[in-house]
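Structure record follows, encoded as structure tokens.
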Amino acid sequence: MVLRGYVPTSEETLQTLAALRLQSLNSDFSTHAPFPRLEELFPPHVLHARLPPPPHRPPTKCRGARLRAGLLAGGLWGQALAKQRAERDQRLRGRLREEGASTMAAIVEKWKLLQGMGRPEAMAAYMALVREWPGFGSTLFDVDLHVVRPWLGVVQGQLWQWATLTPLSLQSPVGCGSQRLWLGIGAKAVSLYKPGEPEPLDSFCYGRISSFGASDSSTFRLSVEDRDLLFETSQVDEIAQLLNTYLASAGAQQLPQPQEPPTSPPASEPTVLPQGLCPAAEPWQHRPPVGSSHS
Numbered sequence: 001m002v003l004r005g006y007v008p009t010s011e012e013t014l015q016t017l018a019a020l021r022l023q024s025l026n027s028d029f030s031t032h033a034p035f036p037r038l039e040e041l042f043p044p045h046v047l048h049a050r051l052p053p054p055p056h057r058p059p060t061k062c063r064g065a066r067l068r069a070g071l072l073a074g075g076l077w078g079q080a081l082a083k084q085r086a087e088r089d090q091r092l093r094g095r096l097r098e099e100g101a102s103t104m105a106a107i108v109e110k111w112k113l114l115q116g117m118g119r120p121e122a123m124a125a126y127m128a129l130v131r132e133w134p135g136f137g138s139t140l141f142d143v144d145l146h147v148v149r150p151w152l153g154v155v156q157g158q159l160w161q162w163a164t165l166t167p168l169s170l171q172s173p174v175g176c177g178s179q180r181l182w183l184g185i186g187a188k189a190v191s192l193y194k195p196g197e198p199e200p201l202d203s204f205c206y207g208r209i210s211s212f213g214a215s216d217s218s219t220f221r222l223s224v225e226d227r228d229l230l231f232e233t234s235q236v237d238e239i240a241q242l243l244n245t246y247l248a249s250a251g252a253q254q255l256p257q258p259q260e261p262p263t264s265p266p267a268s269e270p271t272v273l274p275q276g277l278c279p280a281a282e283p284w285q286h287r288p289p290v291g292s293s294h295s
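According to UniProt numbering, the sequence shown is numbered sequentially starting from 1.
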């Protein structure tokens, strides 16, 4: 989880975690101790983030320009561009090696400070640092998020709830496209994180979720009160199975409540899912379309 970048914290803390891992593996520092590779101790994406971004090339606008660019790319200009790319890649690899050596040196210095710490203590300190993140214990999924805002239409003379897909920006009412986020599924809530940010953009306890399911093989739908959130992901089945597991576990923990005898024969009731994790939430049940009347 740490090496995949799913524990958002500072580089200093990541280096300390790496040193604690070395202490638990090898005990006290020694030049003769077996040394893991850096990518087995420290998230590689942190090092890659230090590299300068590739130069931006504006797209060619017309077909003629693209054709001329293609012809030039096959000649001397193409060879020059290939040479420039190779030189740039070599510089980036050299820069990456330098950053890796600097990071490893910092980790080793922290490892030396842990002299005398036993393996159980090192493991306990490691877990204590990781647990400082509020999302610890959640399973994180990489998703692209859109929001569906419902509106009413008429189909065959009846009101029907349709939806229009609009981009979502959780920090602004007006979105600017789909967002790459982390979907965190925990025992008490479902949360949305901006990658690398420790605090969630939003959290939904299970009492606020009215329904969920797969729209297709790569789209997962989560209905939260008056919004339908659509997640594009390759892990639709895993998300659905994990949500079902947490809901079943939460339902088993709910104590039966005494009920008043009905004054009239009950109608077919929808399945009411547990709300104990979110006392202020409304019941988990099907919501009628917006605009329908109630007596």
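All residues carry an ideal CB built from backbone N, CA and C; glycine is no exception. All values derive from a computational prediction rather than experimental measurement.
Measure the alpha-carbon distance for Arg91 versus Pro43 and round it to whole angstroms.
21 Å
N-terminal and C-terminal residue of the beta strand (DSSP E) that Tyr193 is part of
Ala189 to Tyr193
When you compare the CB positions of Pro198 and Trp182, do they come within less than 8 Å of one another, or not?
no
Are Thr219 and Leu230 closer than 8 Å when you measure CB to CB?
yes
Endpoints, alpha helix (DSSP H) assigned at Ala214
No alpha helix (DSSP H) holds Ala214; the beta strand (DSSP E) holding it covers Ile209 to Asp216.
Using the Cα positions of Glu12 and Ser210, report the straight-line distance between them to the nearest angstrom.
41 Å
Cα-Cα separation between Ile185 and Thr139, rounded to whole angstroms
5 Å
Return the Cβ separation of Gln179 and Leu129 in integer angstroms, given the expectation that the two are a contact with Cβ distance under 8 Å.
So it is not a contact: roughly 29 Å between Cβ atoms.
Between the CA atoms of Gly5 and Leu242 - distance to the nearest angstrom
21 Å
Stretch-stretch touch, CB-based, cutoff 8 Å, three pairs: the region 82 to 96 with the region 19 to 29:
no
Quick check: what's the CA-CA separation for Arg227 versus Gly213?
14 Å
Backbone CA spacing between Val108 and Phe136 [nearest angstrom]
26 Å
Burial state of Pro53 (16 or more Cβ within 10 Å)
exposed
I'd like the list of long-range same chain contacts for Ser172, defined as Cβ closer than 6 Å, with 5 residues on each side in sequence excluded.
Its pLDDT being 37, under 50, Ser172 is placed unreliably by the model, and the measurement read from it follows with that caveat. Hits under 6 Å: none found.
Under 7 Å Cβ to Cβ from Pro8, same chain only, skipping five residues before and after it: list those, please.
Trp133, Gly196, Glu197 and Pro198
With 16 other Cβ atoms within 10 Å as the buried cut-off, status of residue 306:
The shown model of the chain, from 1 to 295, leaves out residue 306, and the question about it has no answer.
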